[in-house]
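Enquirer: Let me give you the structure first, and then I'll get to my questions.
In mature numbering (1 follows the signal peptide of the UniProt record, and there is no 0), the protein residues as written are -16 to -1, 1 to 567.
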């Protein structure tokens, strides 16, 4: 619909253009006719004349006025359209008064070449004198020519070389201004001046419609640009609002005394972002060094993601945590729209590099893997029970477990974390969050139960099974034609009393692998009520594996009770009250 309106607008302009030649106006009965290329202000449409040819009527509509640059106004007495000449005179009958401001170079008019010009002279005002009763124009040859211009008042003289040093009679005179190249008739108070124009006689015809269309299209594009500018302005306003929210949060956070850095500081710390060590969905991680030779990891957040919640989560949550198995928060940057988080640098990268590599896993050894598992469990237990509020991480996975120089695990990346009251056990959520493969079933569907700290237990269980079987543990070739889900494969082997036979060096390694597998299977029970707390998980990992009881089968692919909400004879608890997240 809009394109038809646009074409109609162009056609209307073209049609109106053809009527310009028949449009004639006058300011008075005996005034000059006004038609193209001239136009009468506030009467003729803009397309019926050229820029600079605007005329107006005097307040009493008796004279036709032409406005020239620098506030110079002249009366138009006649317009000769054939010769392209207009006749003008000064409204006050004194053109010399306007010489200082009269500039025709920026107008479509100029003086005809056929008249006599005077060039380069100065205008001087002299005190009254009996010897100087009239006004003279003094040529370069110092010849006085009788010429009067009494409209200026007093005695006024013109000197051709712009100087009065050679004429003793003018020593007491004051120079008023310089005058350049004007017709001799300017100083004749009784004469009309002529101006000529060089523009075409007729308005553009239909062949000129492209120019009109171009102007209209330009206006349309200007409108598009204005809309785009408004959109960007609105986005900037939203970003500024986000920045204000962050600043208010940081003001309240000041008492915790984390270091705040400017973006210039961040560039210095990272040596202009020279050493990139990681890339994630929320930003890029660079290695840096503080002035005291402390190595740090700097995460530059993507300002196109989120609305500041991820930044607030990281700073607000991790900044209050002090635990050996949680990464230490060093500082932050909130410089306009630029945001960064600074952590301690851990040289051995993430657990993912070890869990996904058979060679690196063998280099760690099963005893070290067990120590890492216990450390992660203690870190999660601290999040659930050791802080003022219960912290739910919602993204426990090998990639978010960093290892220090002694291979001690540290939990990182709290961008998805949530705070809950310790007195309540369930958190409300509107959307699923986490990483596929580690997300608890109840996060996807409330048919399995309400979301609580048990979601982190499930993710930890999947992490344990991945430590046992490697990153590719979700699909394992059993034979040349079949695949089976690896956690289910482990359960079936344990259920049948078979050994796991997974990169085992000795009997002690087999015992550790079995312990990790059993604890992992307890943690990934489909229903939250069937999973142990992290405190119980730590007891299981630190205890004697021979006393561990094999959990119920968590894989309900053949379990008909799944549809009815039962798991190994235990009813699904749907009586838990959903609580609101802590602000």
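No residue lacks a Cβ here, since even glycine has one placed at the ideal position from N, Cα and C.
Keep in mind the model is a prediction, meaning the values are calculated, not measured.
Looking only at its chain, what residues have a beta carbon closer than 6 Å to the beta carbon of residue 62, apart from the 5 residues adjacent to it on each side?
Expert: If you number the chain shown from 1, residue 62 lands on position 78. Around residue 62: 16, 71.
Enquirer: Considering only their Cβ atoms, is the gap separating residue 330 from residue 316 smaller than 8 Å?
Expert: On the chain shown, position 332 is the one that residue 316 refers to. On the chain shown, position 346 is the one that residue 330 refers to. Cβ distance not < 8 Å, so residue 316 and residue 330 don't count as in contact.
Enquirer: In whole angstroms, what separates the C-alpha of residue 171 from that of residue 75?
Expert: In the chain shown, the residue the question calls residue 171 occupies position 187. In the chain shown, the residue the question calls residue 75 occupies position 91. So the alpha carbons of these two residues sit roughly 14 Å apart.
Enquirer: State the Cα-Cα distance for the pair residue 336 and residue 387, rounded to the nearest angstrom.
Expert: Position 352 of the chain shown holds residue 336. Position 403 of the chain shown holds residue 387. Cα-Cα distance, rounded: 10 Å.
Enquirer: So what does DSSP say about residue 503, is it helix, strand or coil?
Expert: Numbered from 1 along the chain shown, position 519 holds the residue referred to as residue 503. In the structure shown, residue 503 sits in a helix (DSSP, three-state: H, G or I).
Enquirer: Within 10 Å of its beta-carbon, does residue 295 have 16 or more other beta-carbons around it, so buried, or fewer, so exposed?
Expert: Within the chain shown, numbered from 1, the residue matching residue 295 stands at position 311. Residue 295 comes out buried.
Enquirer: For residue 303 versus residue 393, is the C-beta spacing smaller than 8 Å?
Expert: For this step, residue 303 is matched to residue 319 along the chain shown. For this step, residue 393 is matched to residue 409 along the chain shown. No; because the gap between Cβ atoms is not below 8 Å, this pair is not in contact.
Enquirer: Helix, strand or coil: how does DSSP classify residue 181 here?
Expert: As a position in the chain shown, residue 181 is number 197, starting the count at 1. Note: residue 181 maps to strand in three-state DSSP.
Enquirer: Measure the C-alpha to C-alpha separation of residue 510 and residue 267 and round it to an integer number of angstroms.
Expert: Here residue 510 refers to the residue found at position 526 when the chain shown is read from its first residue. Here residue 267 refers to the residue found at position 283 when the chain shown is read from its first residue. If I take the Cα positions, the gap works out to 33 Å.
Enquirer: Measuring straight from C-alpha to C-alpha, what distance separates residue 513 and residue 352?
Expert: Indexing the chain shown from 1 puts residue 513 at position 529. Indexing the chain shown from 1 puts residue 352 at position 368. In a straight line, the C-alpha of residue 513 is about 30 Å away from that of residue 352.
Enquirer: Tell me, to the nearest whole angstrom, how far the beta carbon of residue 505 is from that of residue 535; I am working on the premise that it is less than 8 Å.
Expert: For the purposes of this step, residue 505 is taken as residue 521 along the chain shown, with counting starting at 1. For the purposes of this step, residue 535 is taken as residue 551 along the chain shown, with counting starting at 1. Going by Cβ atoms, the distance from residue 505 to residue 535 rounds to 5 Å, so yes, they are a contact pair.
Enquirer: Only counting the same chain, and skipping five residues up and downstream in sequence, which positions put a Cβ closer than 6 Å to that of residue 83?
Expert: Residue mapping note: residue 83 aligns to position 99 of the chain shown, counting from 1. Closer than 6 Å at the Cβ level, and outside the excluded window around residue 83, lie 163.
Enquirer: So, for residue 367: in the same chain, excluding its five sequence neighbours on each side, which residues have a beta-carbon less than 7 Å away from its beta-carbon?
Expert: Along the chain shown, one-based indexing puts residue 367 at 383. Here the set comprises 375, 377.
Enquirer: Could you check which residue in 403, 438, 442 has the C-alpha nearest to that of residue 420?
Expert: Here residue 420 is taken as the residue at index 436 of the chain shown, counted from 1. Considering only alpha carbons, the answer is 442.
Enquirer: Can you pull the DSSP bridge partners for residue 71?
Expert: Mapped onto the chain shown, residue 71 falls at position 87. DSSP lists 62, 178 as partners of residue 71.
Enquirer: With H, G and I counted as helix, E and B as strand and the rest as coil, what does DSSP make of residue 406?
Expert: Within the chain shown, residue 406 is the residue found at index 422, counting from 1. Looking at residue 406 - three-state DSSP - the assignment turns out to be coil, as it is neither helix nor strand.
Enquirer: Out of curiosity, what's the CA-to-CA distance linking residue 350 and residue 518?
Expert: Walking along the chain shown from the start, residue 350 turns up at place 366. Walking along the chain shown from the start, residue 518 turns up at place 534. So the alpha carbons of these two residues sit roughly 21 Å apart.
Enquirer: Using DSSP with H/G/I as helix, E/B as strand and the rest coil, what is residue 389?
Expert: Taking the first residue of the chain shown as 1, we reach residue 389 at position 405. In this structure, residue 389 counts as coil in the three-state DSSP scheme.
Enquirer: Which value, in whole angstroms, describes the spacing of the CA atoms of residue 357 and residue 531?
Expert: The residue you call residue 357 lines up with position 373 of the chain shown. The residue you call residue 531 lines up with position 547 of the chain shown. The alpha-carbon atoms of residue 357 and residue 531 are separated by roughly 19 Å.
Enquirer: If we ignore side chains and look at the alpha-carbon of each, how far apart do residue 250 and residue 391 end up?
Expert: Against the chain shown, residue 250 aligns to sequence position 266. Against the chain shown, residue 391 aligns to sequence position 407. Each residue's Cα considered, the two are about 28 Å apart.
Enquirer: Which term fits residue 451, buried or exposed, when burial requires 16 or more other beta carbons within 10 angstroms of its beta carbon?
Expert: Looking up residue 451 in the chain shown gives position 467. Result: buried.
Enquirer: Which of the three DSSP states is assigned to residue 78 in this structure?
Expert: As a working mapping, residue 78 is identified with position 94 in the chain shown. DSSP places residue 78 in coil when its eight states are reduced to three.
Enquirer: Taking C-alpha atoms, which residue in 286, 372, 263, 385 lies nearest to residue 312?
Expert: In the chain shown, counting from the first residue as 1, residue 312 sits at position 328. When only C-alpha atoms are compared, the closest one is 385.
Enquirer: Among residues of its own chain, excluding the 5 on either side of residue 223, which ones have a beta-carbon nearer than 6 Å to its beta-carbon?
Expert: In the chain shown, residue 223 corresponds to position 239, counting from 1. So the qualifying residues of the chain are 321.
Enquirer: Around the Cβ of residue 399, are there at least 16 other Cβ atoms within 10 angstroms (buried) or fewer (exposed)?
Expert: To locate residue 399, count along the chain shown from 1; it is residue 415. Label assigned to residue 399: buried.
Enquirer: Could you tell me if residue 446 is buried or exposed, where buried requires 16 or more neighbouring beta carbons within 10 angstroms of its beta carbon?
Expert: One-based indexing of the chain shown puts residue 446 at position 462. Burial call: buried.
Enquirer: In the DSSP assignment, find the beta strand (DSSP E) that holds residue 261 and state where it starts and stops.
Expert: Residue numbering aside, residue 261 sits at position 277 when the chain shown is read from its first letter. Its beta strand (DSSP E) spans residues 260 to 264.
Enquirer: Residue 314 lies in the beta strand (DSSP E); which residues open and close that run?
Expert: Locating residue 314 in the chain shown gives position 330, counting from the first residue. Its beta strand (DSSP E) spans residues 313 to 319.
Enquirer: How is residue 279 classed by DSSP in three states: helix, strand or coil?
Expert: On the chain shown, residue 279 is found 295 positions in, with the first residue counted as 1. Three-state result, residue 279: strand.
Enquirer: Would you give the residue range spanned by the alpha helix (DSSP H) that residue 384 belongs to?
Expert: Here residue 384 corresponds to residue number 400 of the chain shown, with the count starting at 1. No alpha helix (DSSP H) contains residue 384, which DSSP labels as neither H nor E.
Enquirer: Sort 319, 526, 405, 525 by Cα distance to residue 248 and report the nearest one.
Expert: Working through the chain shown from its first residue, we reach residue 248 at position 264. When each option's Cα is compared against that of residue 248, the closest is 319.
Enquirer: Using beta-carbon positions only, say whether residue 327 and residue 281 come within less than 8 Å of one another.
Expert: Counted from its first residue, the chain shown places residue 327 at position 343. Counted from its first residue, the chain shown places residue 281 at position 297. A contact, by the Cβ cut-off of 8 Å.
Enquirer: Looking at the secondary structure, which residues open and close the alpha helix (DSSP H) in which residue 442 lies?
Expert: Here residue 442 refers to the residue found at position 458 when the chain shown is read from its first residue. From DSSP, the alpha helix (DSSP H) with residue 442 extends over 438 to 453.
Enquirer: Going by DSSP, name the residue or residues bridged to residue 394.
Expert: Taking the first residue of the chain shown as position 1, residue 394 is located at position 410. 386.
Enquirer: I'd like the list of long-range same chain contacts for residue 284, defined as Cβ closer than 6 Å, with 5 residues on each side in sequence excluded.
Expert: Walking along the chain shown from the start, residue 284 turns up at place 300. Result list for residue 284: 267, 268, 324, in chain order.
Enquirer: To the nearest angstrom, how far is the alpha carbon of residue 426 from that of residue 403?
Expert: Position 442 of the chain shown holds residue 426. Position 419 of the chain shown holds residue 403. Each residue's Cα considered, the two are about 18 Å apart.
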